[in-house]
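The opening position of the sequence shown corresponds to residue 0 in numbering that gives the first Met the number 0, with each subsequent residue numbered one higher. Below is one structure, written out as structure tokens, with a few remarks after it.
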Amino acid sequence: MGRVSMENAAVVTDDYFSALLAMGRRARIQRDESFLVNAKHSRSALAVIDLAVKVFGAKPIAICDDARRAELCVELGALVIRDRNGRCLPHKLKEVNGKEEVRVIIETEGGPHFRNIIKW
Numbered sequence: 000m001g002r003v004s005m006e007n008a009a010v011v012t013d014d015y016f017s018a019l020l021a022m023g024r025r026a027r028i029q030r031d032e033s034f035l036v037n038a039k040h041s042r043s044a045l046a047v048i049d050l051a052v053k054v055f056g057a058k059p060i061a062i063c064d065d066a067r068r069a070e071l072c073v074e075l076g077a078l079v080i081r082d083r084n085g086r087c088l089p090h091k092l093k094e095v096n097g098k099e100e101v102r103v104i105i106e107t108e109g110g111p112h113f114r115n116i117i118k119w
């Protein structure tokens with residue numbers, strides 16, 4: 000493995016630290032708790048999934064819109080909802096989680112993408 004620049008190393012630690020604060024302090028994620036994370040475009044979502052599974056013992060449900068991102072999320076331990084148009088989220092949640100709702104939704108990128116998904 001090659002050397003990592005200080006800039007890239009800072010980005011990785013920032014992604015993980017932000018994820019840790021969001022799940023541990025703000026959301027207080029519990030072991031075996033399912034929650035939703037927007038994994039469509041942000042690499043921060045991958046840090047959320049990684050920590051959720053390995054540190055909190057939680058069950059992240061990632062919303063993805065392409066096969067490559069969905070595969071990455073599954074490799075990290077997330078359940079995945081493939082969503083291209085933001086419709087039928089409660090139905091899709093019930094398919095993967097057994098419930099139509101979750102207590103926590105983690106948005107890692109901002110902007111209109113996730114807002115459009117949760118308008119059910």
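Just so you know, even glycine gets a beta-carbon here, dropped at the ideal spot from N, CA and C.
In this structure, the CA atom of Met-22 is about 13 Å from the CA atom of Asp-31.
Beta-bridge annotation (DSSP): Pro-59 is paired with Phe-34.
No Cβ-Cβ contact shorter than 7 Å links Asp-49 with Leu-71. When the five nearest sequence neighbours on each side are left out, the beta carbons in the same chain lying within less than 8 Å of the beta carbon of Glu-108 are those of Asn-37, Lys-39, His-40, Ser-41, Ser-43 and Ala-44, in order along the chain. With a threshold of 16 other beta carbon atoms within 10 Å, Lys-98 falls short and is exposed. DSSP lists Cys-63 as the beta-bridge partner residues of Arg-81. Take Val-95, set aside five residues on each side of it, and the residues of its chain with a beta-carbon closer than 8 Å to its own are Ile-60, Leu-78, Val-79 and Ile-80, in chain order. In this structure, the straight-line span from the alpha carbon of Glu-6 to that of Thr-12 is close to 10 Å.
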